[in-house]
Each structure stands twice: as structure tokens, then as C-alpha cells.
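K.L.:
Residue numbers (the numbering used here): 202 to 506. Glycine included, every Cβ here is placed at the ideal spot set by N, Cα and C. Owing to the predicted nature of the structure, the values given are computational and were not obtained by experimental measurement.
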Amino acid sequence: MSGFCYEIDELLNEAIITGVPAIIVEGIDDISIYDEISTKIPFDVEVYAIENIEGFTEGCNQVISAIEELNNLSNDNHGLSSNILGIIDKDVRDYRNDIPEVEPLLVLHYYSIESHFVSEKIIANILSLSSKTSRDLVSDELCHLMMSEIEEKLLDLYYFSLESLRNSVDPEYASNFSYSYSPGRIYDAKTRQAVLGKKHDLDIFASSLGVSPCINAIKGISKGKWLIDFFSQELLNSMNGLQGKCAESSIETCKSCLSETFDKCLYRIKDGFTKNTIKSLVLSNVEGAEVQYIEDRIARIKGAA
């Protein structure tokens, strides 16, 4: 091994010798996420960022190239699939008919790994950490109500994501929005007018792809970093609205509000919690049905699923 980089063949050999499979991911930021997902697997794995492998840089195409190179090195594809797994974001590959067929490689079901954190399951944990609520107040009914409110707001991303998707799959298209833009660009008045003025045409485009305005579609076509940014903000907004709902008794009333001490409502958010704080908490909550298929695929490396 040279410096902090691994040779691709050494990575495979080490996995075979130690019996610890290697998972190759797109970037350094992904390591902690897949490490956490892998804690539920009944054997050890080692997660490597592709940029830490000699001759490769970050990104999904680099992971694909690494898996292709490993296939060329190995005379035993079973040995390869029992010791290595590459994982890449879907992006818009499915709409370009560009899903790679090389194995062993998992292409995520949603746009990116961040898309998997937009989940009702996460709300209970975030609410418990960021407010003074007791567990008995954080009911499934409350989380469902909050997620319904959040999903309605997230639908604002739908047409901007469609516009970006169309720009991505049609090089001749005159686009007013693209995946390279920051999420804040959505609030620009001229940009909104231009994109939302195309609703009819974008609906026709969506229909041709079998896409409709729902949260699962948004997870598939919206850039994951946009989605997690919007989700974190709308989750914070929803949590900030709970104190008023508690005072009105439209949700289960806390003990403070029952005694009319409204300024000490248990639903109020603790000091210092911002959108970025919420985003960090969301990204540290790796659980739920959204990531189950990832766990299952990792477990299949050694036939444990």
C-alpha cells in the first residue's frame, strides 16, 4: 500500500485473507453512513471511499471502474462477490437506460443515499432529541401528522426536479433549472416563474416516464442534497408548530399546557437547534424500511440475508 491509498488488488486480497468483505462507496462522506448501516449485519465489513484507492477519484463512475477492474483481475467471480461490494447512487441512470450490469454492484433505488433519510421513522428520534417531549407524547399518530405536513411541502420540489431531469436526459432541452443548482435557487422569483410556467409540458414529460407527484417519485428524481435540505427545514418548521397545536389541543396536550403554563410547553424546541443541526441528526439516524434493502444486499455477500 502507498501512503493513505490502497491498491485495488490489495483490497481484494486483504478481504479474502481476513474474511472481512470490502464495501466500496463513492466518497469519504458516505463511509460513516454505510458503517452505520453495516452494524446490523451479522459479520464485519470494511467500508472504503473510492478516492482512497490508488488510481481512482471520487464518484459513481469511479466505483464502477473499480469493480470492472476487479472483474478483470479475478479468475473467480464467486470469490469476488463473496468479498467485495460496490455501492453507487442511482442519480438519473434509470431514465437514461444507463444502469450498469457489472457485479458485484448495488445501485441505490433512490436518487442518492441522502434520499433514504426522508422518512416518517426518523421523526420520532429527532423530536425526542430536539424537544422536551416525553416518549409517550411522541406517538405514531403525531409522527404521521408531521410527515403528511412535510410531504405536502416537499412536493414543491417536484417540478424543479422534473425540469432538472429533463435537462439531464435531453441535451437539446432549454432548461431553467438543473441538478448543478443549489436548493436555495428554487426560491428565486424569476426561476420559479420560468419553471412553474412549464407545468403542463412537464406533466406530459412525467407521464411519459410513469412519474407522478408523490414522495417516492421525488426521492427518485430530486437531488438527494436538495431533498435532505428541504426535509430538515420542513421538519424544523413542523416541530416549531407543535407548541401552538398543543395549546389548541389539536394534538395530545402536554402536562405544562394542561396546567396552562404555555411558555413551558414540552413540545418546544431546545435552544440552538437550527436546520443544519436537524440535518446532522437526520443523517445520523440510519434505520427504517428505506435502508432495509441495502442491509439485505450487504448481508448477501456472505449469504446471511
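Distance, Cα to Cα, residue 296 vs residue 305?
P.N.:
Spanning the two alpha carbons is a distance of roughly 22 Å.
K.L.:
Is it the case that the Cβ atoms of residue 239 and residue 499 are separated by a distance below 7 Å?
P.N.:
Going by C-beta atoms, residue 239 is nearer than 7 Å to residue 499.
K.L.:
Give a yes or no on whether the C-beta atoms belonging to residue 356 and residue 414 are separated by under 7 Å.
P.N.:
yes
K.L.:
Which residue comes first and which comes last in the beta strand (DSSP E) that contains residue 325?
P.N.:
Premise fails: residue 325 lies in the alpha helix (DSSP H), 321-331, not in any beta strand (DSSP E).
K.L.:
Taking all protein chains shown into account, decide if residue 204 is buried (16 or more other Cβ within 10 angstroms of its Cβ) or exposed.
P.N.:
Summary for residue 204: the model assigns pLDDT 49, below 50, so the residue's position carries little reliability; its value from the coordinates is reported in the next sentence. The residue in question, residue 204, is exposed, as its Cβ has fewer than 16 Cβ neighbours within 10 Å.
K.L.:
Could you have a look at residue 495 and say whether DSSP puts it in helix, strand or coil?
P.N.:
helix
K.L.:
Short check: CB of residue 209 to CB of residue 225, under 7 Å?
P.N.:
No, Cβ-Cβ distance for residue 209 and residue 225 is not below 7 Å.
K.L.:
Assuming the contact rule is C-beta atoms closer than 8 Å, residue 221 and residue 245 should be a hit. Round their C-beta distance to whole Å, please.
P.N.:
5 Å
K.L.:
According to DSSP, is residue 312 helix, strand or coil?
P.N.:
coil
K.L.:
Quick test of your reading: residue 483 and residue 433, contact by CB under 8 Å. State the CB separation rounded to the nearest angstrom.
P.N.:
The pair is a contact, with the Cβ atoms about 6 Å apart (cut-off 8 Å).
K.L.:
Is the distance from the Cβ of residue 223 to the Cβ of residue 285 below 7 Å?
P.N.:
yes
K.L.:
Just checking my contact of residue 293 with residue 370 at CB under 8 Å: how many whole Å lie between their CB atoms?
P.N.:
7 Å
K.L.:
Looking only at DSSP bridge pairs, what is residue 207 linked to?
P.N.:
By DSSP's assignment, residue 207 forms a beta bridge with 254.
K.L.:
In terms of residue numbering, what span does the beta strand (DSSP E) encompassing residue 264 cover?
P.N.:
Note, residue 264: premise wrong, no beta strand (DSSP E); alpha helix (DSSP H) at 261-274.
K.L.:
Between which two residues does the beta strand (DSSP E) harbouring residue 425 extend?
P.N.:
No beta strand (DSSP E) holds residue 425; the alpha helix (DSSP H) holding it covers 425-441.
K.L.:
According to DSSP, residue 223 sits in a beta bridge with which residue or residues?
P.N.:
247 and 285
K.L.:
Measuring alpha carbon to alpha carbon, tell me which of 386, 303 and 491 ends up nearest residue 261.
P.N.:
303
K.L.:
Please say whether residue 363 and residue 403 have beta carbons closer to each other than 7 Å?
P.N.:
The Cβ-Cβ distance between residue 403 and residue 363 falls below 7 Å.
K.L.:
Which whole-angstrom value is the C-beta distance of residue 496 and residue 291, which I expect to be below 8 Å?
P.N.:
Their Cβ separation, rounded to whole angstroms, is 17 Å, which puts residue 496 and residue 291 out of contact at 8 Å.
K.L.:
Taking residue 361 as the reference, give the member of 376, 441 and 352 with the closest Cα.
P.N.:
376
K.L.:
Residues in its own chain within less than 7 Å of residue 202 by CB, not counting five upstream and five downstream?
P.N.:
Its pLDDT being 39, under 50, residue 202 is placed unreliably by the model, and the measurement read from it follows with that caveat. Apart from sequence neighbours up to five positions away, the residues of its chain that approach residue 202 with a beta-carbon distance below 7 Å are 208 and 211, ordered along the chain.
K.L.:
Do residue 470 and residue 331 have their CB atoms nearer than 7 Å?
P.N.:
A contact, by the Cβ cut-off of 7 Å.
K.L.:
Distance check for residue 437 and residue 475, CA to CA, integer angstroms please.
P.N.:
7 Å
K.L.:
Looking at the structure shown, is residue 338 part of a helix, part of a strand, or coil, going by DSSP?
P.N.:
coil
K.L.:
Please work out which residues of its chain come closer than 8 Å, Cβ to Cβ, to residue 270, disregarding the five sequence neighbours upstream and downstream, and give them in chain order.
P.N.:
Result list for residue 270: 209, in chain order.
K.L.:
Determine the extent of the alpha helix (DSSP H) in which residue 458 is found, giving its start and end residues.
P.N.:
456-459
K.L.:
Using DSSP with H/G/I as helix, E/B as strand and the rest coil, what is residue 403?
P.N.:
Assigned with DSSP and collapsed to three states, residue 403 falls in helix.
K.L.:
Secondary structure at residue 467, three-state DSSP: helix, strand or coil?
P.N.:
coil
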